[in-house]
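Visitor: In order, the protein sequences belong to chains W and C. Number 68 in my numbering belongs to position 68 of the first sequence; there are no gaps in the numbering. Number 1045 in my numbering belongs to position 45 of the second sequence; there are no gaps in the numbering. The structure follows.
Protein chains: 2
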Amino acid sequence: MGRQTSSSKSRDKFALGIDYGTESGRAAVVRIANGELVSSVIVPYADGVIDAQLPGGPKLEHDWALQNPRDYLLVAEKGVRKTLKAAGVKPEQVIGLGTDFTASSPLPVKADGTPLCFLPKFRKHPHAWVKLWKHHAAQPEADRINEIGRERNEDFIRTYGGKYSSEWFFSKLLQIANEAPAIYDSTDRFVESADWIVWQLTGKERRCTCTAGYKAMWVKGKGFPSREFYGALHPSLANVIGTKVTEDYYPLGARAGGLTAEWARKTSLREGTPVSVGNVDAHVSVPACAVTEPGSLVMIMGTSICHILLGRERQVVEGMCGVVEDGVVPGLWGYEAGQSAVGDIFAWFFENGVHVSVSREARRRSVPVTVILEKQAAALAPGQSGLLALDWWNGNRSVLVDAGLTGVLLGLRLATRPEEIYRALIEATAFGTRQIIEAFESRGVEVRNLVACGGLPEKNRLLMQIFADVTGREIRIARYLLTCPALGSAMHGAVAAGREAGGYGTIFEAAQNMAQLQKDSYRPRKQAHDVYDRLFREYQTLHDYFGRGTNDVMKRLKALQAEQVSR
Amino acid sequence: MGRQTSSSKSRDKFALGIDYGTESGRAAVVRIANGELVSSVIVPYADGVIDAQLPGGPKLEHDWALQNPRDYLLVAEKGVRKTLKAAGVKPEQVIGLGTDFTASSPLPVKADGTPLCFLPKFRKHPHAWVKLWKHHAAQPEADRINEIGRERNEDFIRTYGGKYSSEWFFSKLLQIANEAPAIYDSTDRFVESADWIVWQLTGKERRCTCTAGYKAMWVKGKGFPSREFYGALHPSLANVIGTKVTEDYYPLGARAGGLTAEWARKTSLREGTPVSVGNVDAHVSVPACAVTEPGSLVMIMGTSICHILLGRERQVVEGMCGVVEDGVVPGLWGYEAGQSAVGDIFAWFFENGVHVSVSREARRRSVPVTVILEKQAAALAPGQSGLLALDWWNGNRSVLVDAGLTGVLLGLRLATRPEEIYRALIEATAFGTRQIIEAFESRGVEVRNLVACGGLPEKNRLLMQIFADVTGREIRIARYLLTCPALGSAMHGAVAAGREAGGYGTIFEAAQNMAQLQKDSYRPRKQAHDVYDRLFREYQTLHDYFGRGTNDVMKRLKALQAEQVSR
C-alpha cells in the first residue's frame, strides 16, 4: 500500500551511488521515491591494497599502502553497467549520480587530472601512486606538522582534537616533498581520490568541503593556514595553496557537473547526467541512517568504528578526529570520532585465542565458532567474567588520539574461559564508545540515542545489546547496513539532480524520503546498565592511568620491541 | 669406576622414602652410599581428592578438599612391598625409613591415633576426615586468627609474612570448633597427616618441628601462643595446647621409633627398622637438592613454585610463608616463599588460549602443542613480544600474600601471536620469582644461585633459561626431579638409622653422599638480562600499582563477580 502513494513518475526514477572502499568498489541503483536498493554490484580492485611491492616496480617499505587509480575507473565502468542491468533500469531513468570514498587517499596529478602514476616516466615511483588512507609511512611528517602547528598555535590543532594524523592529506604531501622532490615538482594538483573520481566523470575539478575540512585543515570562510605555516614545514610548500592545492570547495550535494560524453559511453548513462561532488564513506552514511539533526550518534561499525554526530555549534571536544561546519549536512557542525579497532579485535581473538575444543564443538554442530562463543558469552551476566579489558589492540583514536597504546586484559584466573574473554572484549569496545559519548556530553554536545550501520550490527546481536546496556541509550539500526554509503551517495546524486529533475532540493528532503531505520531497536536494560556503570568507572581509571601519562609502560614496551626487532 | 670406591658394605644398604602427594604416594628405594634411586613405585589414592561428595556420605560445600587416611596406609603397605621387589632389595638391607607429606593436612584422631573418620559414628561427617592442604573453606577462621593475632601483636603474624593462611593447621581446627562442636569435643588429638603416618608406623606420636613451625605457630624454645590468644579465637580452644595439640616436637631426621610388628608384617620390612619423624614434601627436597647452606634458593617447580632458602639468622622478609629455626636443616633458619600458580598458568593457556591452527601444526608434525609453542617462543628475543603479564592467575602468595589478586596481560596488539603470549606468561612467572629474591636480598638474606627440582625443569628448557636470564643467576638442576622428595625422605631415614647402622650422623653428611646435581646448568646471558632488567622495572610498577592498594580493581571485579554469580 505504502509504495503506491508514490507518484508513478518518481517510482520510475533512480539514482546511482558508487561507494569506493578499501578492497573494492560498489555501484548501486536506488529508487528515488523511497530509497529502495534495487541492485548493488561489487567490483574488487585488481591491484587491491599495494603494501608489499609496486606492480612491476620496487618493493615498498614498512607502513606503506598504495592504490592504483585505474582500479577506481574500472569500478565506475564495469560496476555501473552491471548494476543497471541487474536492476533492469534504463539510462534515462537515472537522474543523478553520487560517489563516496575512503579518505584521506590523495594522489598527485597533472593539470588535466592525469595521475602521475599513469605516466611512463613515473610509473615505477611509489610516490606517484595513490596513498591509501592506511598508508602510515608519513608519521615523521605528521609529527613535524603537529610540532609547527602547536608552536604557531594554528587553529587546525583544535579542530583535530589536538593532533593532525599521519593518515591525512598534508602529511602525505609533505612526505612527497621530503622524499621525492622530482615527483613533488611535477605535481600540478594534489587531490583526494574522492575528488579525482568526480573530476574524471565530469571533466571538472570540483573538490568537496568534506575531505578538505576533515583531512586538509580547510575551514569554511577562512580557507587554509598561512603561507608562513606551510613554508615552515618545507620551503617547497610555501606556495602550495592556490597552486598544487585548489582554494575552491563545494558543499556536499552540490552538482559538480554533468557526465562527460566519454563516461556516458563507458557507463551507458546519458551524457550530462548530474554528478554530485565527492564525499567520504562514513560521512555520507549519516543521512542514509536518517540522521540529519543533532542528538543521534551514528556508528559505522566494522573492523573499526567511526562515530559521527551533528551539533549546532562548534565545541572543542577532546580527541575528535575533526569538527567541520557543513561537513556532513549543511547548516550543522559535523563531529567525527572513532575507535581504531573493534571487529578487528574479535577477529584477532578468533584467529589467535580460541581453543581447538571450541572449534570442535562448532564443527560438530555445523555452526561457526563465533556462534558458539556468542551463545556462551550471552549466557553470562555483566560482571560475571571478572574480567576488564582496554580495547587498544590498534591504539586509541578517540579520545586519546594515541597510536602508541596497546590492549590490556585484566582479571585472568585459572578458571577463566574463552567466552568470558570474548565478552570482556566486546564490553571494552562498548566502554570505548561510552568514553567518546561522555567526551561529547562534557562539552554540551548532546547524544540522545545511537544509530548503527556497517557490518557488525547484523552479525552480532550480543554486541549491540551490550553497547545499549553500557551506553544506557537506545540503538536503532539502519535499513541497509553494508550498502549504507552507496545509498548515501545515491541520495546526494538525487540532490545534485534537484527537485525539477524528479530528485530532491536538499539532503534533508532526500533523507526524509529515502532513508529508513529498522523497526526493532536495542534498548538498555536497567540492571545491566547499573552494573556496567560500575565497570565503566574501573575502565576509566585504567584508561586514564595508562592513557594519560601516569604510566607510559605501553610506549616503553613498544620502543623496546622495536629495538629488539631491529637487532 | 666411581661406584666401586664405595665399600661393598655401604653399597648393600638402602633407605626407604615415602612421599605423600596430593593425588598419590610414592615409595622409593635409595642406595645409602650414593643416593642412587634404585626403584620407585606410585600408588594412587583410591579416594583421591574428595571435593564434591564424601564417599557414601553427604555432598561437600564449595572450597572443601578432604582425604581418606586409609589411602595413606595403603601407600605404605602396597608401595613398600612393590618397590622392594622391583629393587631386588631384601628387608634386612633396609636400614631406615623416612616420609614426607603435603601440609598442612591435619585430621582429628582419638588418643590411640585412630582417625575419627574410621569410627562408624563419625564416618559420614566431613569434619572427621583429613582436611587436605587445599581445603579453603576455613577462610573466615583464618580472617579471625589474623584479626586477633594483629590486635594482640602475636609473633606468628611476623613469622608468616603478615598473614596466617586458611590452608593451615589452626584455621582448620577452628573451623571444626565453629561448625562441628561434637567432632571437636571427641577429638583427642588434632595432628598433621605427616605426623600421623609416623605414629601409625612406629606406634608413637612423635611430631616434627617442620609442620609445627611452618603451619602451626610453634616456635623453637618458645612453643605456642598463649592460652589467652586461643581463648579469644573460641572459648573451646583456650586449653587446646597440651590437650588436643601436643607440646612435644622433634627435629627433622630424629628417630621417631622403630617399625611396629604389625607394620613389619604389612610392609615385609624388619620390625624395629628406624623411622624418622615426618617432614614436608617441599622442605625435604632441599637437602635432596644438595642444599644445606645459605645462598642457594631451592625452587620446587610444578603447578606452583615453592621457594626455600636457608639463612643464618631470622629476618622479617615481606610476604614469606614462614621462617622457622631448624625448619629445614638443623642450625639454620628455613625461609619458605611461593608462587601460587606457575605450571598451572601454562596449562590454562594450553587449554583455553591456543588456537586450532597450532593444534593442527602439532598433529601434522606429531609433537605436542607445547613443543611447537616452546620452539616459536624460544625464537623471540626478550622484549620482542611487546607484552608484559602479571602472574596472578591464582592470586599472589609471595610477596603480597593476597588471594584476591588476578592476572593481567598488557601490550596486546592485532599482530600479537599465541607464542608471544606464552613467552610473556613464562617471563611473568620468572619476574614473580625475582620479586621474591629481591625481597630476600633487601633484608640481607643472600641468594647467590638457584637450584631447581619438580616437574617443570625437565619439560621446559626455555622456561629455565628465562628464569636464569630474568634473575641473573645460574640455575642448577637436581639429579632427580619428581622423585626429589622421596630421595629426601630416604636421606632422613638414613639419618634416623645413624652412622653405626651404616647410615649417616647428620643430614649434612647424608647430603654430601646422597644428593647430587646435574652437570649442565642454565647460566644468565648478559644481553637478555639487561633487557629483562628494564622489563622487570615495568613489572614492579604494575605489581605495586595493582598489588599494594593504589588500584584495587581486581578485588572489586571479584566482588562484582561473586554478586553476579549468586544472583
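Note that beta-carbon positions come from the ideal geometry of N, C-alpha and C, so glycine has one too. Quantities reported herein were computed from a predicted structural model and do not represent experimental measurements.
Return the residue from the list K163/W, W199/W, S304/W, W263/W that minimises the CA-CA distance to A282/W.
Guide: Closest by alpha carbon: S304/W.
Visitor: Using a C-beta to C-beta distance shorter than 8 Å, which residues of chain C count as neighbours of S304/W?
Guide: Neighbours of S304/W on chain C: none; closest Cβ ~11 Å, over 8 Å.
Visitor: Does H283/W come out as helix, strand or coil in the three-state DSSP assignment?
Guide: The answer is helix: DSSP assigns H283/W an H, G or I state.
Visitor: Are there 16 or more other CB atoms within 10 angstroms of the CB of S1276/C, so buried, or fewer, so exposed?
Guide: By the neighbour-count rule (16 or more Cβ atoms within 10 Å), S1276/C is buried.
Visitor: Below 8 Å on the Cβ atoms is my contact criterion, and I expect L1412/C with T550/W to pass it. Report the Cβ-Cβ distance as a whole number of Å.
Guide: L1412/C to T550/W, Cβ: 19 Å. No contact.
Visitor: Comparing the C-beta of G411/W with each C-beta of chain C, is any distance below 8 Å?
Guide: With 8 Å as the cut-off, G411/W counts as an interface residue toward chain C.
Visitor: In chain W, which residues lie with their C-beta within 9 Å of the C-beta of R1417/C?
Guide: Here the neighbours are N352.
Visitor: In whole angstroms, what is the alpha-carbon distance linking R1360/C and H355/W?
Guide: Distance between the alpha carbons of R1360/C and H355/W is about 11 Å.
Visitor: With 8 Å as the threshold, decide whether the Cβ of G549/W is near any Cβ in chain C.
Guide: Taking Cβ atoms only, chain C never reaches closer than 8 Å to G549/W, which makes this a no.
Visitor: Please give the ranges of any alpha helix (DSSP H) in the region 459-504 of chain W, keeping only runs that are unbroken, at least 4 residues long and fully inside the region.
Guide: You should have 461-471, 484-497.
Visitor: Along the region 530-541 of chain W, where does the CB come closer than 8 Å to a CB of chain C? Name the residues.
Guide: Result list: V531, R534, L535, E538, T541.
Visitor: Could you tell me the alpha carbon to alpha carbon distance between S1008/C and G1502/C, rounded to whole angstroms?
Guide: Low confidence applies to S1008/C: its pLDDT is 45, below 50, so where it sits in the model is not reliable, and the reading given next is rough at best. Taking the straight line from one Cα to the other gives about 11 Å.
Visitor: Could you compute how far the alpha carbon of S1171/C sits from the alpha carbon of Q1067/C?
Guide: Each residue's alpha carbon lies about 17 Å from the other.
Visitor: Please state whether DSSP places W129/W in a helix, a strand or coil.
Guide: W129/W falls in the coil class under three-state DSSP.
Visitor: Compute the Euclidean distance between the alpha carbons of R1525/C and L1535/C, then round it to the nearest angstrom.
Guide: Cα to Cα, R1525/C sits roughly 15 Å from L1535/C.
Visitor: Once the 5 residues before and after K569/W are set aside, which same chain residues still bring their CB inside 6 Å of it?
Guide: Here chain W covers residues 1 to 567 and nothing more, so residue 569/W does not appear.
Visitor: At which residues does the alpha helix (DSSP H) containing S1442/C begin and terminate?
Guide: That run of the alpha helix (DSSP H) goes 1418-1442.
Visitor: For A1379/C, collect the residues of the same chain with a Cβ closer than 6 Å to its Cβ; drop the 5 residues on either side in sequence, then sort them by chain order.
Guide: There are no such residues.
Visitor: Compute the Euclidean distance between the alpha carbons of A1389/C and L388/W, then round it to the nearest angstrom.
Guide: Spanning the two alpha carbons is a distance of roughly 14 Å.
Visitor: Could you tell me whether the Cβ of R567/W comes closer than 8 Å to any Cβ of chain C?
Guide: Yes, R567/W lies at the interface with chain C (some Cβ there is under 8 Å from its Cβ).
Visitor: Comparing C-alpha positions only, which one of A1180/C, G1432/C, I1466/C, C1453/C sits nearest to D1544/C?
Guide: If we check each option's Cα against that of D1544/C, G1432/C comes out closest.
Visitor: Where does the unbroken alpha helix (DSSP H) through C210/W begin, and where does it stop?
Guide: Unbroken alpha helix (DSSP H) run through C210/W: 209-215.
Visitor: To the nearest angstrom, how far is the alpha carbon of G1331/C from that of N1239/C?
Guide: Approximately 31 Å, taken between the alpha carbons.
Visitor: From this set, Q540/W, N394/W, K266/W, which residue's C-alpha is nearest E438/W's C-alpha?
Guide: For the residues Q540/W, N394/W, K266/W, the minimum Cα distance to E438/W belongs to Q540/W.
Visitor: Below 8 Å on C-beta distance, what does R423/W contact in chain C?
Guide: In chain order: nothing, as chain C lies at least about 12 Å away.
Visitor: What did DSSP end up calling P181/W once you bin it into helix, strand or coil?
Guide: DSSP places P181/W in helix when its eight states are reduced to three.
Visitor: If you reduce the DSSP assignment to three classes, tell me which class A1162/C lands in.
Guide: The question names Ala, but residue 1162/C in the sequence shown is Gly. Three-state DSSP puts G1162/C in coil, outside helix and strand.
Visitor: Is V1367/C buried or exposed, if buried means 16 or more other CB atoms sit within 10 Å of its CB?
Guide: V1367/C is exposed by the Cβ-count criterion.
Visitor: Helix, strand or coil: which one does DSSP assign to A1103/C?
Guide: It is coil, neither helix nor strand.
Visitor: Tell me which residues share the same chain as H234/W and place their Cβ nearer than 8 Å to its Cβ, disregarding the 5 neighbours each side in the sequence.
Guide: Result list for H234/W: L174, A177, N178, in chain order.
Visitor: Helix, strand or coil for P1108/C, going by three-state DSSP, please let me know.
Guide: Note: P1108/C maps to strand in three-state DSSP.
Visitor: Smallest Cα separation from E1509/C: which of P1287/C, F1101/C, E1092/C, A1111/C?
Guide: E1509/C has its Cα closest to that of P1287/C, out of P1287/C, F1101/C, E1092/C, A1111/C.
Visitor: Please classify M1001/C as buried or exposed, where buried requires at least 16 other C-beta atoms within 10 Å of its C-beta.
Guide: At M1001/C, the pLDDT of 34 sits below 50, so the modelled position is not reliable and the matter cannot be decided from this model.
Visitor: Please report the distance separating the alpha-carbon of T1483/C from that of A1347/C.
Guide: The straight-line gap from Cα to Cα measures roughly 22 Å.
Visitor: Looking at the structure shown, is K78/W part of a helix, part of a strand, or coil, going by DSSP?
Guide: The answer is helix: DSSP assigns K78/W an H, G or I state.
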